Amino acid sequence: MGATLGSTVLGFMREVVSARYYGTQWQMDTFLAAAVVPTILFGVFNGALVSALVPTFSEYLTRGRDEEGWRLANTVINGLFFILAVCAVAGYFLAPWFVPIIAHGFPPPQMGVAIHMTRWLMPSIIAVSLSGVFTAILNSHRRFKSAALTGIALNILTIGTVLLLNHRIGIFALVLGTSLGLVAQMLVQIPAILLTGKYRFTIDVHHPGLRAIAAVLGPIVVGSAAGQTALFFDRYFASTLTPGYMAGMNYATKLVNFPQQIFAAAIATVIFPLLAAEFAKSNRAGVGQSVAVGLRLVNFIIIPAVCALIVLARPIVQTLFERGSFGPTATDLCAGLLPYAAVGLVALAANVVLSRVCFACNETNWAVVVSIIAVVINVVLSVAWLPTLGARGLLLANSLSQLLQAALLLTIVVRIVRGVDWMALVVSVTKILAASAVMVGTLHWIQALGVQPAHSLASRAWFLFGQIAIGALVFLAIARILQVEELPMVVRLILEKFAKNIPSAPDNREAPIA
């Protein structure tokens, strides 16, 4: 969790640096369009390979067949490297054909820049995909530290390159920094892989584990690709809007993802191997217990975060981004978009946990169907709302499709597991909503006082920190009064559970991850 927090904070610093130098200018829109293919591949391979490889690889380890398991892992690593090298070369030469599909609304000069940027980014798809495989292997061994450091490596390289080279090559400093950072994501995991002493330069195309992976990989790839398709359509539709809206949507989405990346992703990452192990033991009651507690912990963090993001949208954007090329107009644009992105955060965080449950329990087909349904609904709503709501409609379509996906995934999970304590879940959500409502009232009261900070960064940051601190204290106080069980659970999770290197299965409803 500490590494995830550091990565997310550095990710914010990367966005702050990008906003400082590029703001919501057309160059930033162009970079975001060019980064679609590597970003989609990152989501597909990290999602699909981790979800397919962890259960198969874990099964070999659980049964004491380590050598067979590592022969499978080495085959995947080495085979994937050669396949993706060919794909990277092909993508480099085919960029003039597929980039105009993504950014069809760009004028010709901007389209040429987008193609050039895409070619710079294509070699990084090798590192992006291998990084996902390394993460899957390390997670199977319940080694989370190296994988959690990948985001730190990416952000440090990106920030450093922009600061050093922006005055020479402009927006291409961000392109180069992103490419180097994606390679660093892979490199930072290699020492942990080599320390296992199991890596070999071998390819066994007849390994039975490949058939086991292939049996589930296809549906998972389709499901992951369906989820990433939302990004494609966001950029596709946004390319027809006034320059700056694509960048504004990106900044708003990054702000919304901050609490999800810190808490929901960290909880889901650690709980995934435990879910797979419990399912392998046919302990569906244990799976159901972990799912319920995981959702309750996510709700405890995310629901008040959504409320704060909506109420404090303008001061948050102003404090973090308004400097350099990011002026008051850009602040108004992003602050107006932020609430539409935030309303779907609870569903997005829940989907992180629920989708991991489906993949850990080898229930992939229906999860894929749900992902496809969500994408179709997203596209339909985007087409319907784009003419009237513009970028707000695109973000709202994303939020509602995430909500639908969460509802359908929850239905699937209930069918898979046993022992979900619905009463505890409902009571928990009710108490969290009550505490969040009091927090929202307090924040509105502070804003009604009419106090405005000075225009300096320090003054704005201090005033924003004060509002967040007061809101958080009010929320925690009401949660304590209402005896919200997740409060001591979160404290215990941070102080006791994550201090251990190897988590074990939950032993009761009060201790979700040990």
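Position 299 (the sequence shown) corresponds to 304 in this note's numbering; numbering is contiguous. All C-beta atoms in this analysis are idealised placements derived from N, C-alpha and C, irrespective of residue type, glycine included. Every value quoted in this text rests on a predicted model; they were computed, and no experiment measured them.
Cβ contact (3+ pairs, closer than 8 angstroms) linking the segment 334 to 353 and the segment 240 to 256
yes
S464, buried or exposed, once every other Cβ within 10 Å from all chains shown has been counted against 16:
Exposed, because fewer than 16 other Cβ atoms sit within 10 Å of the Cβ of S464.
Hey, T447 and V479 are a contact pair by Cβ (cut 8 angstroms); roughly how many whole angstroms apart?
Confirmed, Cβ separation roughly 5 angstroms.
Keeping to the same chain, check which residues put their C-beta closer than 7 angstroms to that of S151; ignore five residues upstream and five downstream.
L143, V193, Q194, A197
Determine, using beta carbons only, whether V375 and G299 come nearer to each other than 9 angstroms.
Going by C-beta atoms, V375 is not nearer than 9 angstroms to G299.
Can you check which of these residues, Q472, L415, A439, is closest to W450 by C-alpha distance?
In terms of Cα proximity to W450, the closest of Q472, L415, A439 is Q472.
Residue from A313, V431, A396, D209 with nearest C-alpha to N79
Looking at the Cα atoms, D209 is the closest of the given residues.
Counted within 10 angstroms of its Cβ, other Cβ atoms place P101 as buried (16 or more) or exposed:
Per the 10 Å Cβ criterion, exposed.
For H449, report the span of its alpha helix (DSSP H) as first-last.
427 to 453
Going by C-alpha to C-alpha distance, which of A412, H211, L317 sits closest to G84?
H211
Just checking: is the beta-carbon of A24 within a distance shorter than 9 angstroms of some beta-carbon in chain B?
The chain inventory of the structure shown lacks chain B, comprising one protein chain alone.
Report yes if the CB atom of F331 is closer than 9 angstroms to the CB atom of A38, and no otherwise.
No. Outside cutoff.
Three or more C-beta pairs under 8 angstroms: does that hold for the segment 68 to 78 against the segment 155 to 166?
no
Say whether the segment 402 to 413 touches the segment 348 to 355, bearing in mind that this needs 3 or more beta-carbon pairs closer than 8 angstroms, one atom from each stretch.
yes
Whole-angstrom distance between L438 and P517, CA atom to CA atom
Unreliable positioning characterises P517 in this predicted model, as indicated by a pLDDT of 26, which lies under 50. The coordinate reading is nonetheless provided below. Going from the Cα of P517 to the Cα of L438 covers about 22 angstroms.
If contact is defined by three or more beta carbon pairs under 8 angstroms, each pair taking one atom from either stretch, is the segment 100 to 118 in contact with the segment 63 to 75?
No contact exists between the segment 63 to 75 and the segment 100 to 118.
For a quick check, are the C-beta atoms of T324 and L200 less than 9 angstroms apart?
No.
For S441, which residues from the same chain have a beta carbon less than 7 angstroms from its beta carbon, with the 5 sequence-adjacent residues on both sides left out?
I308, P309, C312, F480
Buried or exposed: G16, going by 16 or more other Cβ atoms within 10 Å of its Cβ?
buried
Buried or exposed for M428, going by 16 or more other Cβ atoms inside 10 Å?
Answer is exposed; the Cβ neighbour count stays below 16.
Can I382 and A402 be called in contact, C-beta distance under 9 angstroms?
yes
Locate the alpha helix (DSSP H) running through Q410, then write down its first and last residues.
Going by DSSP, Q410 is part of the alpha helix (DSSP H) stretching over 396 to 421.
Report the option in P493, F305, R485, V296 whose CA atom is closest to the CA atom of I421.
V296
With DSSP as the reference, label R148 as helix, strand or coil.
coil
Assign R216 to buried or exposed, taking buried as 16 or more other Cβ atoms, counted over all protein chains shown, within 10 Å of its Cβ.
That one is exposed.
Figure out for me which residue from V351, L338, L415 has the closest Cα to the Cα of N255.
L338
Classification of R485 by the beta-carbon crowding that lies within 10 angstroms, buried from 16 upward:
exposed
Own chain partners of P320 with C-beta closer than 6 angstroms, once the 5 adjacent residues on each side are dropped:
L469
In terms of DSSP beta bridges, what is F206 paired with?
Note: F206 sits in no beta bridge, so no partner.
Three-state secondary structure assigned by DSSP to R319:
helix
Pairwise C-alpha distance: V418 and L361
Inspection of the sequence shows that residue 361 is occupied by Arg rather than by Leu. Looking at the two C-alpha atoms, the distance is approximately 10 angstroms.
Leaving out five residues on either side along the sequence, give the residues of the same chain with a beta carbon under 7 angstroms from the beta carbon of I82.
These residues qualify, in order along the chain: L135, V138.
Helix, strand or coil for R19, going by three-state DSSP, please let me know.
helix
Is T44 near L236, with beta carbons less than 9 angstroms apart?
yes
Three-state class that DSSP yields for F111 in the structure shown:
F111: coil per DSSP, three-state reduction.
I need the boundaries of the alpha helix (DSSP H) containing F521, first residue and last residue.
One cannot answer for residue 521 here, as it falls past the ends of the chain, which runs 6 to 519.
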